[in-house]
Amino acid sequence: MARKNASTGVDRRKFLAGAAVAGAATAIPAVKRAKAADADTAAFVKRPSTAAAQAEMSGNVPASPGTLSGPPGSDFMVDVLRSLDVDFVFSNPASSCRGIHESIVNYGGNKKPEFITCMHEESAVAMTHGYYKVAGKPAAALCHGTVGLQHAAMAVYNAWCDRAASIVMVGNRADAATREPGVPTIHAVQDPGSLIRDFTKWDDNPQSLQHFGESMVRAYKIAMTPPHEPILMVLEEKLQESAMAKGEKPLTIPKLNLVAPPAGDPNAVREAARLLAMADNPVIVADRVARTPAGVKHLVDLAEALNAPVIDQLGRMNMPNNHHLYQLGGALIAQADVILGLELTDFWGTVNEMDDSAAGEQKLRIKPGTKLISIGVGDLYIRANYQDFERYQSVDVSIGADAEATLPMLTEYVKQAIPAERRAMVAARGEKARKGQAAARERMLQAAAANAWDASPISSSRFSAELWQQIKNQNWVLVSRDSSPSNWPHRLWNFDQHHQFIGGPGGAGIGYGLPAAVGASFAHHAADSSRLCVNIQNDGDSMYAPGALWTAAHHKIPMLTVMWNNRAYHQEIMHLQRMANWRQRDVTTAHVGTTIREPFVNYAKLAEALGHVGIGPVTDPKELGAALKRGIEAVKMGEPVLIDVVTQPR
Amino acid sequence: MRMPISAAALIIAGLMFGSSAAFAAQAAPQGDAVKGKANFERVGCYQCHGHQGQGGREGPRIADPVPLAWPALQAWVRTTSGDMPPYTPKVLSDAELIDIYAYLQSVPKAPDFKSIPLLSQQITAANVPAR
Numbered sequence: 001m002a003r004k005n006a007s008t009g010v011d012r013r014k015f016l017a018g019a020a021v022a023g024a025a026t027a028i029p030a031v032k033r034a035k036a037a038d039a040d041t042a043a044f045v046k047r048p049s050t051a052a053a054q055a056e057m058s059g060n061v062p063a064s065p066g067t068l069s070g071p072p073g074s075d076f077m078v079d080v081l082r083s084l085d086v087d088f089v090f091s092n093p094a095s096s097c098r099g100i101h102e103s104i105v106n107y108g109g110n111k112k113p114e115f116i117t118c119m120h121e122e123s124a125v126a127m128t129h130g131y132y133k134v135a136g137k138p139a140a141a142l143c144h145g146t147v148g149l150q151h152a153a154m155a156v157y158n159a160w161c162d163r164a165a166s167i168v169m170v171g172n173r174a175d176a177a178t179r180e181p182g183v184p185t186i187h188a189v190q191d192p193g194s195l196i197r198d199f200t201k202w203d204d205n206p207q208s209l210q211h212f213g214e215s216m217v218r219a220y221k222i223a224m225t226p227p228h229e230p231i232l233m234v235l236e237e238k239l240q241e242s243a244m245a246k247g248e249k250p251l252t253i254p255k256l257n258l259v260a261p262p263a264g265d266p267n268a269v270r271e272a273a274r275l276l277a278m279a280d281n282p283v284i285v286a287d288r289v290a291r292t293p294a295g296v297k298h299l300v301d302l303a304e305a306l307n308a309p310v311i312d313q314l315g316r317m318n319m320p321n322n323h324h325l326y327q328l329g330g331a332l333i334a335q336a337d338v339i340l341g342l343e344l345t346d347f348w349g350t351v352n353e354m355d356d357s358a359a360g361e362q363k364l365r366i367k368p369g370t371k372l373i374s375i376g377v378g379d380l381y382i383r384a385n386y387q388d389f390e391r392y393q394s395v396d397v398s399i400g401a402d403a404e405a406t407l408p409m410l411t412e413y414v415k416q417a418i419p420a421e422r423r424a425m426v427a428a429r430g431e432k433a434r435k436g437q438a439a440a441r442e443r444m445l446q447a448a449a450a451n452a453w454d455a456s457p458i459s460s461s462r463f464s465a466e467l468w469q470q471i472k473n474q475n476w477v478l479v480s481r482d483s484s485p486s487n488w489p490h491r492l493w494n495f496d497q498h499h500q501f502i503g504g505p506g507g508a509g510i511g512y513g514l515p516a517a518v519g520a521s522f523a524h525h526a527a528d529s530s531r532l533c534v535n536i537q538n539d540g541d542s543m544y545a546p547g548a549l550w551t552a553a554h555h556k557i558p559m560l561t562v563m564w565n566n567r568a569y570h571q572e573i574m575h576l577q578r579m580a581n582w583r584q585r586d587v588t589t590a591h592v593g594t595t596i597r598e599p600f601v602n603y604a605k606l607a608e609a610l611g612h613v614g615i616g617p618v619t620d621p622k623e624l625g626a627a628l629k630r631g632i633e634a635v636k637m638g639e640p641v642l643i644d645v646v647t648q649p650r
Numbered sequence: 001m002r003m004p005i006s007a008a009a010l011i012i013a014g015l016m017f018g019s020s021a022a023f024a025a026q027a028a029p030q031g032d033a034v035k036g037k038a039n040f041e042r043v044g045c046y047q048c049h050g051h052q053g054q055g056g057r058e059g060p061r062i063a064d065p066v067p068l069a070w071p072a073l074q075a076w077v078r079t080t081s082g083d084m085p086p087y088t089p090k091v092l093s094d095a096e097l098i099d100i101y102a103y104l105q106s107v108p109k110a111p112d113f114k115s116i117p118l119l120s121q122q123i124t125a126a127n128v129p130a131r
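Here the protein sequences line up with chains A and B, keeping their order. Letter by letter, the first sequence follows residues 1 to 650 of the numbering used here. Letter by letter, the second sequence follows residues 1 to 131 of the numbering used here.
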């Protein structure tokens with residue numbers, strides 16, 4: 001076998017400088033490729049001594065026996081990730097990823113990207129999910145071949161449904177002749193992407209480092225093009241672990257150019273504006289609208305141009321909740337004559353309702369003749385198998401475009417389309433909403449008082465009011481959804497900045513909440529370490545993978561987790577009881593398999609064992625304020641804290 | 001674990017319960033509020049309506065005030081076919097339901113929010129512009 005005795009001469013600084021400055025950049029001095037290996041010499045190689053096989057592949061001669069003759073391919077992979085400004089790789093360590101793991105730590109100095117130790121691949125992907133919604137850019141999750149990706153699958157689906165960009169990477173060794181028998185072969189797969197292809201936007205299995213560089217840049221670009229979605233990149237073990245081949249051509253990292261989000265067709269947008277301008281009761285419904293702070297401003301501008309109420313479906317932080325046009329809940333749908341749906345996942349469910357009854361009755365929630373307008377990217381990209389696209393809803397104007405990018409044009413057209421004779425009516429609509437806001441707020445506050453205010457277990461309104469009292473003067477952010485306490489935070493708190501809320505899991509897969517909150521906190525901590533990250537944590541969700549608490553502690557991410565501990569998979573109690581009701585059988589058995597008791601979980605002790613300050617359980621509402629205050633003081637000292645609060649069901 | 005209970009229960013039950021408060025004072029069989037509270041927990045009323053009948057995301061307020069007079073409440077519980085599942089006599093006897101009704105009537109009136117500092121100080125929320 002012919003071999004070339006030469007160093008690759010790879011210079012990491014040149015890689016990076018080339019990628020960052022010139023865009024298409026990184027060069028490896030050309031060397032002649034070795035002749036193809038003889039079949040006889042491509043013998044089985046036993047781990048961990050793969051150097052011989054790698055040398056055969058690359059044509060390099062090791063500097064000393066058992067070592068590589070030059071930089072491994074995974075060093076280049078790290079350079080590619082760095083060129084894409086990937087800050088974190090969330091991962092549970094695995095043999096199929098050992099090459100890039102070592103490169104991140106030693107070649108990259110464990111900075112940009114930093115290896116974040118996770119205790120479950122599902123948690124790792126969920127962390128990238130939460131991270132994306134704060135940082136506005138993807139992080140990477142690195143998964144072991146086959147079993148690791150199987151663990152990760154549910155979290156990938158959540159990110160898919162929630163339109164969250166994530167770089168999922170999986171290790172694999174495709175060549176059966178160079179992998180160990182036993183577990184390494186059990187964990188190898190012919191087509192890694194097939195496992196999650198139905199709910200990733202793109203995947204690839206690069207067969208060379210140049211292929212990897214181009215595909216990773218392409219994947220990043222695809223993930224960050226609306227609809228933002230996760231992608232999968234296979235990291236072939238041979239590419240990771242072999243010394244870089246001395247090819248004729250230098251390796252390059254393509255320059256990244258992101259796609260400008262598509263705005264709507266001007267003619268269609270003008271028709272939408274005409275309908276809205278001529279409506280007596282226009283209603284705007286917003287789901288995942290505001291990708292950036294600008295999206296919040298654009299939505300407010302449109303609402304104020306029309307003086308139309310905005311029903312927030314809480315997919316993102318879309319609009320300040322103390323704005324006089326802000327609405328929580330869909331009651332106004334029934335009165336609307338024109339409904340504008342912005343990035344709705346479920347337009348059908350917005351204008352229809354269906355009982356969860358034995359008969360399963362459906363009925364329309366809107367008046368006959370109500371015009372429907374849709375602006376969103378959901379129609380631009382869809383898959384067949386998983387049903388996250390929801391029921392089909394016919395609309396009058398369907399604009400396949402990014403809502404945030406389209407809103408300025410729509411607002412301008414609306415202003416032009418409102419005839420002079422209707423402007424007084426439009427203004428009066430706004431004044432009525434402004435005057436109604438104060439009365440509505442008093443009704444809301446009385447409802448809070450009447451919501452079992454002094455009860456133990458602690459009520460949802462008391463829980464939320466006590467928490468608000470402690471955080472309202474802090475630089476707070478909510479890194480969770482607030483549906484379990486019946487959206488009381490969105491009724492009682494003032495959400496006025498885009499980064500203060502991240503929406504929910506998307507796919508409603510349980511186990512998202514805790515790791516997504518940790519991932520979001522990583523992003524907040526990097527952006528502004530003074531932010532107080534508050535996680536309202538469902539008890540059942542936390543027990544899927546409580547190791548996420550350890551990740552926060554290990555990486556010194558201070559955050560306040562307040563447990564919404566209703567000691568059950570509460571929704572499932574209701575479902576089980578409903579079945580018994582329909583069948584006229586014993587309803588008192590609904591706790592079987594649905595409650596988390598006998599014994600109760602001591603979350604404070606669990607958290608302490610995982611490196612947190614643990615407080616609680618708190619059962620008396622009069623003690624909650626002091627517990628929260630103590631917890632926040634510890635967070636401000638740099639500690640992650642969990643406060644266990646025993647609560648009413650919802 | 002995945003399908004949410006529909007919030008439509010709030011709307012349907014609200015329509016059914018909403019205008020009947022005036023009848024709540026109609027004569028009802030005398031029940032035992034203590035037993036009623038136990039029944040309320042045992043048969044799972046609290047799951048949607050909260051431990052004090054205060055309501056929540058899945059079910060409307062049914063105490064303070066009790067929104068239906070006895071005959072209407074009984075009929076509702078027995079025959080509802082919407083998001084709230086029916087409780088037939090096979091799973092909840094008349095006597096047990098009467099006790100639950102007594103419990104709901106015994107729930108004390110909620111305080112005025114203006115007497116609660118945590119809430120009264122929030123009467124005016126700053127209308128902060130978007131940033």
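Beta carbons: idealized from backbone N, C-alpha and C, even for Gly.
Three-state secondary structure (DSSP) of residue i
i                      : result
residue 612 of chain A : coil
residue 312 of chain A : strand
residue 653 of chain A : Outside the modelled stretch of chain A, which goes from 1 to 650, sits residue 653 of chain A, for which no answer is possible.
residue 72 of chain A  : strand
residue 371 of chain A : strand
residue 406 of chain A : helix
residue 381 of chain A : coil
residue 269 of chain A : helix
residue 38 of chain A  : A caution first: residue 38 of chain A carries a pLDDT of 36, below 50, which makes its placement in the model too unreliable to give a value.
residue 576 of chain A : helix
residue 107 of chain A : helix
residue 343 of chain A : coil
residue 354 of chain A : strand
residue 143 of chain A : strand
residue 236 of chain A : strand
residue 30 of chain A  : At residue 30 of chain A, the pLDDT of 31 sits below 50, so the modelled position is not reliable; the number obtained from the coordinates is stated separately. Three-state DSSP puts residue 30 of chain A in coil, outside helix and strand.
Integer Cβ distance of residue i from residue j, believed to fall under 8 Å
i                      : j                      : result
residue 548 of chain A : residue 535 of chain A : Actually they do not touch by this definition, with Cβ atoms about 10 Å apart.
residue 614 of chain A : residue 623 of chain A : At roughly 15 Å, the Cβ-Cβ gap does not stay under 8 Å, so residue 614 of chain A and residue 623 of chain A are not in contact.
residue 686 of chain A : residue 213 of chain A : Absent from the structure is residue 686 of chain A, since the part of chain A shown begins at 1 and ends at 650.
residue 553 of chain A : residue 611 of chain A : 3 Å
residue 338 of chain A : residue 279 of chain A : 4 Å
residue 36 of chain B  : residue 102 of chain B : 5 Å
residue 316 of chain A : residue 289 of chain A : 6 Å
residue 231 of chain A : residue 79 of chain A  : That pair is no contact at about 19 Å.
Exposure of residue i, with buried meaning 16 or more beta-carbon neighbours within 10 Å
i                      : result
residue 110 of chain A : exposed
residue 52 of chain B  : buried
residue 108 of chain B : exposed
residue 620 of chain A : exposed
residue 91 of chain B  : buried
residue 500 of chain A : buried
residue 275 of chain A : buried
residue 599 of chain A : exposed
residue 374 of chain A : buried
residue 658 of chain A : Any answer about residue 658 of chain A is impossible in this case: the structure gives chain A only from 1 up to 650.
Any non-hydrogen atom of the ligand HEM within 7 Å of residue i CB
i                      : result
residue 100 of chain A : Only the bare structure without any ligand can be found here, which leaves the ligand HEM out of the picture.
Original post:
Can you list, in chain order, the residues of the region 89-106 of chain B whose Cβ is nearer than 7 Å to any Cβ on chain A?
Top reply: 90, 91
**OP:** Give the residues from the region 32-53 of chain B that approach chain A closer than 8 Å (Cβ to any Cβ), ordered along the chain.
**Re:** 42, 43, 44, 46, 47, 48, 50, 51, 52
**OP:** Could you run through the region 55-79 of chain B and flag, in chain order, every residue whose CB is less than 8 Å away from some CB of chain A?
**Re:** 55, 56, 57, 58, 61, 64
**OP:** Give, in chain order, every residue of the region 558-592 of chain A whose Cβ lies closer than 8 Å to some Cβ of chain B.
**Re:** 569, 570, 571, 572, 573, 574, 575, 577, 578, 580, 581, 582, 584, 585, 586, 587, 588, 590
Subject >> Every unbroken alpha helix (DSSP H) inside the region 153-229 of chain A [4 residues or more] >> reply: 183-186, 209-223
Original post:
What are the residues of the region 429-448 of chain A that lie near chain B, defined by any Cβ-Cβ distance shorter than 7 Å?
Top reply: 441, 442, 445, 446, 448
Subject >> Whole runs of the alpha helix (DSSP H) within the region 524-559 of chain A, excluding any shorter than 4 residues >> reply: 539-542, 547-554
**OP:** Give, in chain order, every residue of the region 458-472 of chain A whose Cβ lies closer than 9 Å to some Cβ of chain B.
**Re:** 459, 460, 461, 462, 465, 466, 468, 469
Subject >> 3-residue-minimum beta strand (DSSP E) runs that sit fully inside the region 88-141 of chain A, ordered along the chain >> reply: 88-91, 114-117
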